[in-house]
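The structure appears right after this line, and notes come after that.
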Amino acid sequence: MAEQRCLPKDVVRSLAQAKADLGLALHASFSIDWLLGKGISGPLVLSIFTTCFGSSFLLGYNLGVANLPGGNIKNFLVNYYKPANTSILDANFLYGQTTSVLVICAAIAAFTCGWVADGLGRKRSLMVNNVIGIVGSIISSVCLVANQPALLYVGRAISGLNSGLSIGIAAMFLTEIAPRHLRGMIGACNQLAITIGIVTSYVLTLTHLLNTPTLWPVAMGVGAIPAAIALIISSFTVESPRWLYLKKKDEEAAREAFVRINGSENVDMFIAEMREELEVAQNQPEFKFIELFRRRDLRMPVIIAVLIQVIQQLSGINAVVANSSEMLKSAKVSPDMLEYFVVGLGLLNVICTIVALPLLEKAGRRTLLLWPTLVLAITLLLLVIFVNVANHEGVVNKTPFILVSAVLVFVYVAAFAMGLGPMPALIVAEIFRQGPRAAAYSLSQSIQWACNLIVVASFPSLNELLKGYVYLPYLIVVVVCWVVFFLFMPETKNRTFDEVARDLAFGSIVVGKRTAALQAPVFTKEDEEAATALRRTDDDESKVDA
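Note that this note's numbering has the sequence shown beginning at 1, numbered continuously upward.
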């Protein structure tokens with residue numbers, strides 16, 4: 001009988017471990033969890049989808065759907081009001097009100113989103129808002145058939161209410177249900193869905209699709225589809241565990257919801273964190289909106305929450321896009337090519353937002369807020385120079401300067417999409433505790449829509465008055481806000497809401513201070529199992545030594 005040779009035990013163990021690691025790697029390569037991120041469960045994916053598709057996507061769609069069909073909408077409005085023979089009711093004024101009424105109603109709704117989210121809960125608030133979105137889209141879509149422009153304004157007003165509630169509640173919900181190590185990425189899905197909604201509205205309203213004298217109302221009605229789908233699916237999603245514990249005081253429901261949506265973090269650690277936050281809140285009187293302005297510990301968070309919305313809207317994104325179209329018109333670019341230019345800007349916005357998602361978890365919030373915004377400011381300065389050179393009477397061949405300006409517009413949009421686009425909603429959610437968070441959202445989102453209205457109302461006059469220098473006011477706003485963020489905005493990545501709130505309570509300058517936030521570990525189930533195994537090993541060794 002031949003001699004049987006055995007491998008050393010350590011080699012056998014190494015081979016067995018390598019086989020196990022290979023099996024795990026192959027499994028991970030083909031698993032949905034690996035594709036979506038470790039610890040993401042099915043219910044969490046469903047909750048993210050319904051929130052982004054039914055709320056954030058619809059918000060972006062409603063913002064962009066009236067852009068390209070502007071000519072057809074003007075004709076419809078003027079033809080109806082022409083018999084009135086009123087000089088004030090010109091085409092631009094009538095068309096401008098379709099945007100103004102949406103923004104005004106959005107600002108009003110945004111101011112109430114905190115109370116709605118706290119009163120009804122995050123999930124139920126989104127479902128009610130889906131119904132509002134369906135109603136607004138349908139009413140807008142029948143205005144041409146009924147030959148009633150009032151229906152267009154009413155529908156846009158209702159869609160504005162939907163938009164104002166969406167931008168606050170959706171961001172709040174996504175941030176609260178996300179595992180801590182993916183909070184930035186999941187929170188930024190809100191902005192990604194908005195940009196996709198804008199691009200979708202641009203594509204559907206191209207001239208050879210729904211941008212016709214009879215089909216543009218159909219584009220308005222398409223907005224009811226995502227809201228209806230989200231409303232149906234929402235019955236299978238979960239409520240925010242934080243809201244269930246801190247507002248409803250229902251620990252069992254909070255545990256159940258947390259386990260369903262969070263496959264990586266330890267539920268007992270989560271409950272302990274919530275219990276500590278609840279004890280702090282119970283030792284204080286019930287939070288009232290006015291306390292945002294009275295409490296010293298909230299002074300710096302409120303300043304940041306307001307300024308980050310101001311810089312997003314007053315950075316000039318709408319002015320840059322609008323002026324770029326006018327520049328290309330002066331270069332004799334055809335209307336069809338202008339449509340594709342606008343769609344190209346929208347696609348770039350989507351692509352750069354996608355790129356920003358993993359960077360939020362790798363580079364951190366502070367980095368992506370500061371440095372893309374600095375690029376944006378430099379681009380605004382260069383646009384001032386090149387646009388003024390192109391407009392100068394002594395320049396014979398203006399085309400090269402116009403084309404360079406168009407390239408700068410793409411750089412500007414890319415910088416905006418990677419920084420100021422996804423940051424505001426995410427940062428506002430991370431710098432407040434549960435008590436003041438809803439009120440802070442109401443304040444910051446209403447400021448955002450108010451600034452949006454300021455841009456919509458003031459840009460035509462500013463453009464007429466300042467010509468090529470129209471970007472300068474926006475540049476000044478960006479620089480001032482950037483300095484504040486550079487000095488006082490801490491890193492929030494991998495930190496609890498309570499930790500960030502405590503740091504900001506002192507209003508200290510953070511420049512030059514090192515933070516372990518970027519390397520901070522997140523306590524997961526695997527960490528707990530490893531720690532338990534290590535304790536057992538130490539105990540066994542202690543017994544042997546004894």
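Yeah, the Cβ is synthetic: ideal placement off N, Cα and C, and Gly gets one too.
As the structure is a computational prediction, the values presented were derived from the model and not from experiment.
Item: Beta carbon of P221 nearer than 7 Å to that of S137; Value: The question names Pro, yet the displayed sequence has Gly at residue 221. Their beta carbons are under 7 Å apart, which means G221 touches S137 by this criterion.
Item: Distance between beta carbons of R495 and M423, contact taken as under 8 Å; Value: The pair is not a contact, with the Cβ atoms about 16 Å apart (cut-off 8 Å).
Item: Inter-residue spacing [alpha-carbon to alpha-carbon] between L165 and C52; Value: 13 Å
Item: Distance between beta carbons of N211 and P69, contact taken as under 8 Å; Value: 5 Å
Item: Contact check, P226 vs L58, beta carbons under 7 Å; Value: yes
Item: Beta-carbon proximity list for I509, same chain, < 8 Å, skipping 5 on both sides; Value: L487 and F488
Item: Cβ-Cβ distance between Q445 and G223 below 7 Å; Value: no
Item: Cut-off 7 Å between Cβ atoms - residues of its own chain near E499, not counting five sequence neighbours on either side; Value: none
Item: W449 beta carbon less than 7 Å from that of A106; Value: yes
Item: According to DSSP, residues forming a beta bridge with I40; Value: N262
Item: First and last residue of the uninterrupted alpha helix (DSSP H) at F488; Value: L472 to F488
Item: Three CB pairs or more closer than 8 Å across the segment 410 to 426 and the segment 172 to 188; Value: yes
Item: Buried or exposed by the 16-neighbour rule on C-beta atoms within 10 Å, applied to V407; Value: exposed
Item: Cβ neighbours of A228 in the same chain (closer than 7 Å, five flanking residues each side left out); Value: I134
Item: R294 versus A257: straight-line alpha-carbon distance, rounded; Value: 35 Å
Item: Candidates T99, K123 and L182: closest to V154 by CA position; Value: T99
Item: N-terminal and C-terminal residue of the alpha helix (DSSP H) that K123 is part of; Value: R122 to S141
Item: Rounded C-alpha distance that separates V267 from R180; Value: 12 Å
Item: Where the alpha helix (DSSP H) containing I431 begins and where it ends; Value: Run containing I431: none; DSSP gives neither H nor E here.
Item: Contact with chain D by G136, beta-carbon distance below 7 Å; Value: The question asks about chain D, but that chain is absent: this structure has only one protein chain.
Item: Buried/exposed call for K601, threshold 16 Cβ in 10 Å; Value: The first residue shown for the chain is 1 and the last is 546, placing residue 601 beyond what the model contains.
Item: DSSP three-state assignment for S240, whether helix, strand or coil; Value: coil
Item: Inter-residue Cα distance where the pair is W482 and R255; Value: 40 Å
Item: Helix, strand or coil at V500 according to DSSP, with G and I counted as helix; Value: helix
Item: Backbone CA spacing between T367 and G421 [nearest angstrom]; Value: 14 Å
Item: Residue ranges of each alpha helix (DSSP H) within the segment 163 to 237, 4 or longer; Value: 183 to 204, 216 to 221 and 224 to 233
Item: Run of the alpha helix (DSSP H) containing P358, from where it starts to where it stops; Value: P335 to K362
Item: Given L314 as reference, the closest of L94, F410 and T373 once Cα atoms are compared; Value: T373
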